[in-house]
Amino acid sequence: MHSVSEHEEPDPYFEPVITLPPLTVCSSEENEECLFKQRAQLFRFDTIDDPPEWKERGVGVLKILRNRTSGCYRLLMRRDRTYKVCANHYLLKNMYLRPNCSSSRAFVWSTTADFADEVVKPELLGVRFANSTCMYSILLR
Numbered sequence: 001m002h003s004v005s006e007h008e009e010p011d012p013y014f015e016p017v018i019t020l021p022p023l024t025v026c027s028s029e030e031n032e033e034c035l036f037k038q039r040a041q042l043f044r045f046d047t048i049d050d051p052p053e054w055k056e057r058g059v060g061v062l063k064i065l066r067n068r069t070s071g072c073y074r075l076l077m078r079r080d081r082t083y084k085v086c087a088n089h090y091l092l093k094n095m096y097l098r099p100n101c102s103s104s105r106a107f108v109w110s111t112t113a114d115f116a117d118e119v120v121k122p123e124l125l126g127v128r129f130a131n132s133t134c135m136y137s138i139l140l141r
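Just so you know, the UniProt record's numbering puts 48 at position 48 of the sequence shown, and the rest follows in order with no gaps.
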C-alpha cells in the first residue's frame with residue numbers, strides 16, 4: 001500500500017518496439033515544373049440531374065504543370081485544408097479554354113479523362129478566379 005507521501009507521476013512515454021525510417025511523402029509533382037499557380041473555384045457540369053446544372057467541385061490552388069522529361073502539360077487542383085485532388089488531367093492540343101458567357105472571370109473546357117475521382121470519366125469543367133486579371137494571366141503563359 002502506498003502512503004500519501006509517495007506520489008508517482010504518470011509517464012505516458014513508451015519505448016518503441018521497432019524503429020521506423022523517416023517517411024518521404026511524394027506528391028507526384030517532383031518531376032514537374034509549375035507554370036501557373038492561382039487560387040480558384042472549380043465546377044463540373046452535372047447532366048444526371050434534371051435540369052442539368054453546375055455543381056461546385058472544390059476551392060483551392062489550380063496549377064498547370066509541365067513534366068520535365070516528357071514535356072506533357074497537366075492541370076492539377078487540390079482542395080483547401082484536405083488537399084484532396086478535385087481536378088487532375090492532361091492538357092491536350094485539342095482542348096480549348098472558352099470564356100464563360102455569364103462571368104468575365106471564368107473559363108469552361110471539356111476533358112476526355114479526368115483522374116480526380118476513382119472512376120476516370122469525361123467531364124465538362126469550369127473554373128472561376130478571384131478577378132479577371134488572374135483569369136487572363138493564364139492565357140499569357
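The beta-carbon is built from N, C-alpha and C at its ideal position, and this holds for glycine as well.
Remark: C-beta atoms of Arg39 and Val59 approach each other more closely than 9 Å. The Cβ atoms of Ala106 and Arg128 lie closer than 9 Å to each other.
Check the Cα spacing between Thr133 and each of Val108, Leu124, Ser104 and Leu62: the tightest is with Ser104. The beta carbons of Leu124 and Cys86 sit no closer together than 9 Å. DSSP places Ser132 within a helical segment (H, G or I) once states are collapsed to three. In the structure shown, Ile18 adopts coil according to DSSP, grouped into three states. Check the Cα spacing between Phe115 and each of Ser102, Pro122 and Asn88: the tightest is with Asn88. Asn100: not part of any beta strand (DSSP E); DSSP gives it neither H nor E. The Cβ-Cβ distance between Thr112 and Leu97 does not fall below 9 Å. For His89, the secondary structure class from DSSP, reduced to helix, strand or coil, is strand.
Under the three-state reduction of DSSP output, Phe107 falls in the strand class. Along the length of the region 34–84, whole alpha helix (DSSP H) runs at least 4 residues long do not occur. Setting aside the 5 residues that flank it on each side, Glu56 is surrounded in the same chain by Phe43, each with a C-beta closer than 6 Å to its C-beta; the list follows chain order. Contact between Glu29 and Arg66 does not hold, since the beta-carbon distance rounds to 11 Å and is not under 8 Å. Excluding five sequence positions before and after Pro52, the CB atoms of its chain that fall closer than 8 Å to its own CB belong to Phe45 and Asp46, given in chain order.
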